[in-house]
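Please read the structure below before turning to the comments.
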Amino acid sequence: MSSETDVNPASPRHAADQTPVLQAKGLVKKYGRVVAIDGSDLELYPGEILAVIGDNGAGKSSLIKALSGALVPDSGEIFLDGQRVQFRTPMDARSAGIETVYQTLAVAPGLDIADNLFLGREQRRPGPLGSVFRMLDRAHMRSEAKRHMSELGVATLQNIGQAVESLSGGQRQAVAVARSAAFGSKVVILDEPTAALGVKEGNRVLQLIRDVRDRGLPVILISHNMPHVFEIADRIHIQRLGRRATVITPRSHSMSEAVAIMTGAAEPPPHTA
Ligand SMILES: Nc1ncnc2c1ncn2[C@@H]1O[C@H](COP(=O)(O)OP(=O)(O)OP(=O)(O)O)[C@@H](O)[C@H]1O
Ligand SMILES: [Mg+2]
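What follows is the structure, given as structure tokens:
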């Protein structure tokens with residue numbers, strides 16, 4: 003286990019007595035002889051953007067998969083609002099209010115934006131049309147989808163009935179982020195949402211992430227993009243060799259210092275956040 007110190011109470015966005023919205027303690031996940039997560043801890047506090055950075059293979063995706071029910075850890079504990087939870091499937095975590103956009107983007111290209119937003123949560127028509135004939139309430143889903151997309155400032159999406167395969171990468175990401183923001187009631191987790199996006203699209207997704215936070219949902223953001231991380235993160239969790247090396251902030255450390263800790267070139271400092 004690591005020799006971490008406690009979270010510093012002086013951090014701007016949370017007080018020492020705050021209960022993390024989401025917390026992992028000593029998570030372990032092995033694939034045969036490969037140790038993907040090696041006793042990893044994580045705390046996400048109310049109203050913050052927590053970035054998770056680390057080299058390829060550091061266990062970032064595995065860690066968030068454990069938090070979102072996509073993998074079941076071999077050992078360790080997860081707490082949501084201070085209550086122990088054990089997610090067996092992604093649906094368990096979603097029902098508990100945790101929405102995740104995975105690194106391999108999970109939108110259905112052949113479906114339109116509204117259908118993608120409601121994928122797995124299709125709304126039925128009221129009365130027997132819905133309950134007996136299982137008819138979908140398309141009009142309602144469409145207007146809801148429009149509302150969510152405009153709430154998030156996704157102004158470029160003219161037609162909510164447009165197939166997602168005809169959208170650009172950035173717009174697809176926006177749909178995925180909008181979906182997580184619309185349905186996440188406690189936590190939104192985004193694994194590399196700006197990878198492979200152009201400058202403009204990347205910035206738009208960053209703004210979406212800020213909007214999500216400002217609407218009160220804490221966000222876990224996994225990213226290799228240091229300028230993005232330093233631009234929007236409140237705190238930065240550095241994952242190394244399957245566990246948390248330390249937590250810093252964009253104010254406490256520079257980008258090159260963060261990279262040095264990430265790669266093992268520098269000793270991880272005690273938590274400054
Ligand atoms: N399903 C799997 N089967 C076998 N090994 C796996 C599996 N998933 C992850 N691993 C291994 O676990 C380790 C951590 O992988 P993980 O995907 O969590 O890393 P990551 O930090 O997200 O990397 P990246 O930055 O490349 O996305 C890697 O060595 C990886 O090969
Ligand atoms: Mg990954």
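Take any residue in the sequence shown, count from 1 to its spot, add 2: that is its number in the numbering used here. The C-beta atom is built at its ideal place from N, Cα and C for all residues, glycine as well. Every value quoted in this text rests on a predicted model; they were computed, and no experiment measured them.
Thinking residue i and residue j are a contact (beta carbons under 8 Å), I'd like their distance in whole angstroms, please.
| i | j | result |
| --- | --- | --- |
| Ile222 | Val74 | Actually they do not touch by this definition, with Cβ atoms about 19 Å apart. |
| Ala95 | Ser63 | Between Ser63 and Ala95 the Cβ distance is about 15 Å, and since that is not below 8 Å, they are no contact. |
| Thr251 | Arg242 | Actually they are not in contact, since the Cβ atoms of Thr251 and Arg242 sit about 18 Å apart, beyond 8 Å. |
| Leu192 | Val134 | Not confirmed; about 39 Å, so no contact. |
| Leu203 | Ser170 | It should be noted that the sequence gives Glu, not Leu, for residue 203. Indeed they touch by this definition, with Cβ atoms about 7 Å apart. |
| Gly186 | Leu219 | 6 Å |
| Leu277 | Ala247 | Because the chain here runs from 3 to 275, residue 277 falls outside it and cannot be looked at. |
Do you know whose CA, among the options, lies nearest residue i's CA?
| i | options | result |
| --- | --- | --- |
| Asp40 | Glu79, Met93, Glu50, Met228 | Glu79 |
| Leu65 | Arg245, Ile51, Pro270, Val249 | Arg245 |
| Gln25 | Asp216, Tyr47, Arg35, Arg140 | Tyr47 |
| Ile100 | Pro229, Lys148, Ala68 | Ala68 |
| Met151 | Gln173, Ser254, Val134 | Gln173 |
| Lys148 | Val134, Asp117, Met137, Gln175 | Asp117 |
| Arg217 | Lys62, Val190, Gly200 | Val190 |
| Val37 | Ala72, Ser77, Pro22, Asp19 | Ser77 |
| Leu57 | Pro271, Val261, Glu269, Ala268 | Per the sequence shown, residue 57 should be read as Asp rather than Leu. Selected option, being the one with the closest Cα: Val261. |
| Arg140 | Tyr33, Phe81, Leu192, Gln125 | Gln125 |
| Ser225 | Arg215, His239, Gly28 | His239 |
| Val30 | Ser42, Leu208, Pro22 | Ser42 |
| Glu233 | Pro128, Asp114, Ser256 | Ser256 |
| Leu119 | Leu199, Asp193, Arg215, Gln164 | Gln164 |
| Lys188 | Val214, Asp114, Asp19 | Val214 |
| Asp19 | Gly84, Pro272, Lys32 | Gly84 |
| Ile115 | Val179, Leu131, Gln88, Glu194 | Val179 |
| Asn227 | Ala197, Leu210, Ile211 | Ala197 |
| Lys32 | Ala60, Leu208, Ala275, Leu113 | Ala60 |
| Gly200 | Leu82, Leu44, Ala176, Ile162 | Ala176 |
| Ala72 | Glu269, Met264, Gln105 | Gln105 |
| Met2 | Met143, Arg127, Arg144 | Since the first residue of the chain shown is 3 and the last is 275, residue 2 is not available in this structure. |
| Val249 | Gln88, His273, Met264 | His273 |
| Lys27 | Arg86, Gly49, Gly34, Glu50 | Arg86 |
| Arg144 | Leu113, Pro22, Asn205 | Leu113 |
Span of the beta strand (DSSP E) holding residue i?
| i | result |
| --- | --- |
| Ala26 | 24-33 |
| Arg38 | According to the sequence shown, residue 38 is Ala rather than Arg. Note, Ala38: beta strand (DSSP E), 36-46. |
| Ser77 | 77-82 |
| Ile222 | 221-224 |
Taking the DSSP output, what are the residues bridged to residue i?
| i | result |
| --- | --- |
| His239 | Val54, Val249 |
| Leu138 | Arg126 |
| Arg86 | Phe81 |
| Leu73 | Looking at the DSSP assignment, Leu73 forms no beta bridge with any residue, so it has no partner. |
| Phe101 | The question names Phe, but residue 101 is Glu in the sequence shown. Answer by DSSP bridge pairing, in chain order: Val190. |
| Ala165 | Asp114 |
Terminal residues of the continuous alpha helix (DSSP H) containing residue i?
| i | result |
| --- | --- |
| Ala260 | 257-265 |
| Val207 | 201-216 |
| Glu233 | 228-234 |
| Ala116 | 115-119 |
Whose CB is closer than 5 Å to a heavy atom of ligand 1? List the residues in chain order.
Tyr33, Val36, Ala38, Asn58, Gly59, Ala60, Gly61, Lys62, Ser63, Ser64
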